[in-house]
Every structure is written in structure tokens, then in C-alpha cells.
Amino acid sequence: MPEENIHPVTDKLLDRPTKELSLGARAGVFWLCGLSGSGKSTLASELELSLSQRDIHSIVLDGDNLRSGINQGLGFTDEDRMENIRRTAEIAKLLVRNGLVVIVSLITPLKRYRQRVAEIIGSSDYHEVFVKASFDHCQKRDVKGLYAKAAKNEIDFFTGKSSDFEEPSEPWLVLDTENQSLCQSAETLEAKVLEVISRS
């Protein structure tokens, strides 16, 4: 479809500050990246719960949930991973512009993927959270049984084994889930997020 036939509607919609005021918090995207099994999904759900208890509405975009819906059919090749991440970033952008606190849980293994995410969302709204745990540690936890399958070569393009993971060099926050409990990490994450979204 030619781009000249596309006319986004903005002037007739409520603006972001109005929606943020209504929702009681400043919007932002908190993008949790890290190896499978590092604790991303657990931390995302804990953050959503703790914010809810403060009457702050947020939304979680979880990688597995997205792959069972809007990102269904995408594999784990470099091209498919990029498209998976691009779609997720575009959704996050729409949500944050509508005044929402957005929590994303996605492996996002390469630096250029994360750079693209920041470009789409905007650097002022994008907060990169590196959930840090080594491959060996995640393999021992193996909460989804994926590492056992990868060891038998039953999974192609498995991050950390047959597909690279580049650690973020300058993330907004590092949560070392290998050396501290998930409870401690969750408390640290909540405190940092509240610094950003609090209106007081």
C-alpha cells in the first residue's frame, strides 16, 4: 500500500499528558532482556502486581505470549527475531503514547536489536533492564525444560548455545539474578521504576 494513502489520526485523540493524569503515573517502557530462564517473566509479573497494589495500571508484553498471538509463525532466525522484536516495540510505542506503563519481557539477544527498539520507542521512554544470569546458571534452573532440549540439539538457534547473546554495555538497570534472589531483584526494579513514573 502506498504510504501517501496512509493518514494516521492524532489531532482528534486525547493527548498523552491527559491520559497519564487519568492513569495516575508517567508512562514509560521497561524492557527486560536476558537469557531464557534468567527471571525476566517472573520479574515482569511481580512488577505488574506491585504497581497494581499502588493503583498504577501497567501492561506486560511477554515474549511467549506474543509468539502465541500477534507474532505467531515467526521462528528464531535472525530475520524472524528482528521482526518479532520490531512488532513488540511498535506495540510498546503505541501503549506508552497512550499513557501506559509498559513492561516487556523478551530475550532481545543482540545489541542492534536493542538499538532498533530504542529508535522505535524513543530514547526518553525506553528503559533497558538487563536481567543478568549466566548460561550455566539458567541451564541449571531450566524452568521450561528448554536447555535440556537444546543439549540434545532439539532446538535450533538456541540463545547462548547456537545463537549469540550480547550483554548490554550500558543498560538503564542491571538485575543480577544469579547472585541475588528474585525477591531482591523485584524490589530493586520496583524502586527504580517508581522513580521514573511517580507524579509526586
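Take the sequence shown: its position 86, counted from the start at 1, is 85 in numbering that gives the first Met the number 0, and no numbers get skipped. Even for Gly, the Cβ is constructed at its ideal location relative to N, Cα and C.
Short Cβ contact (8 Å threshold) for residue i with residue j
i, j, result
"F75", "S162", "yes"
"V128", "L174", "yes"
"I196", "I69", "no"
"W171", "H136", "no"
"R198", "A26", "no"
Whole-angstrom distance between residue j and residue i, CA atom to CA atom
i, j, result
"R85", "Q179", "31 Å"
"R140", "E165", "21 Å"
"G38", "L12", "37 Å"
"N152", "R80", "19 Å"
"L193", "V142", "29 Å"
"S158", "P108", "One detail in the question is off: residue 158 reads as Thr in this sequence, not Ser. One C-alpha to the other measures close to 7 Å."
"R115", "A91", "13 Å"
"F134", "S40", "17 Å"
"D14", "A117", "22 Å"
"K160", "D77", "15 Å"
"L188", "R113", "19 Å"
"A149", "K18", "45 Å"
"E177", "I119", "31 Å"
"E82", "Q71", "11 Å"
"L48", "L181", "14 Å"
"P7", "V101", "22 Å"
"G121", "G144", "35 Å"
"I154", "D63", "15 Å"
"S67", "P16", "33 Å"
"D138", "L20", "Reading the sequence as shown, one finds Gln at residue 138 and not Asp. If you take the alpha carbons of Q138 and L20, they lie about 44 Å apart."
Proximity to residue i [Cα-Cα], best of the options
i, options, result
"S227", "K160, A147, F134 and R96", "Past the edges of the chain, shown from 0 to 199, lies residue 227, and the structure says nothing about it."
"A147", "V195, G36 and L42", "G36"
"S44", "D61, G33, L13 and N152", "D61"
"L22", "L42, R53, I119 and R115", "R53"
"A88", "L46, V195 and C32", "C32"
"R111", "S168, I90 and N70", "S168"
"K191", "P16, L46 and I69", "L46"
"V103", "L65, R198 and I154", "L65"
"Q183", "L42, Q71, E19 and L20", "L42"
"A185", "I154, V130, Q71 and Q138", "V130"
"F156", "S67, L73 and V101", "L73"
Distance between beta carbons of residue j and residue i, contact taken as under 8 Å
i, j, result
"L50", "A132", "Not quite, the Cβ-Cβ distance comes to about 24 Å (not below 8 Å), so this is no contact."
"L105", "I58", "With a Cβ gap of about 14 Å, L105 and I58 do not count as contacting."
TODO: Only counting runs of 3 or more residues, tell me where the beta strand (DSSP E) segments fall wholly within the stretch 96 to 164, in order along the chain.
DONE: 100 to 104 and 125 to 131
Open item on the list: Please give the ranges of any beta strand (DSSP E) in the stretch 0 to 84, keeping only runs that are unbroken, at least 3 residues long and fully inside the region.
Closed with: 27 to 32 and 57 to 61
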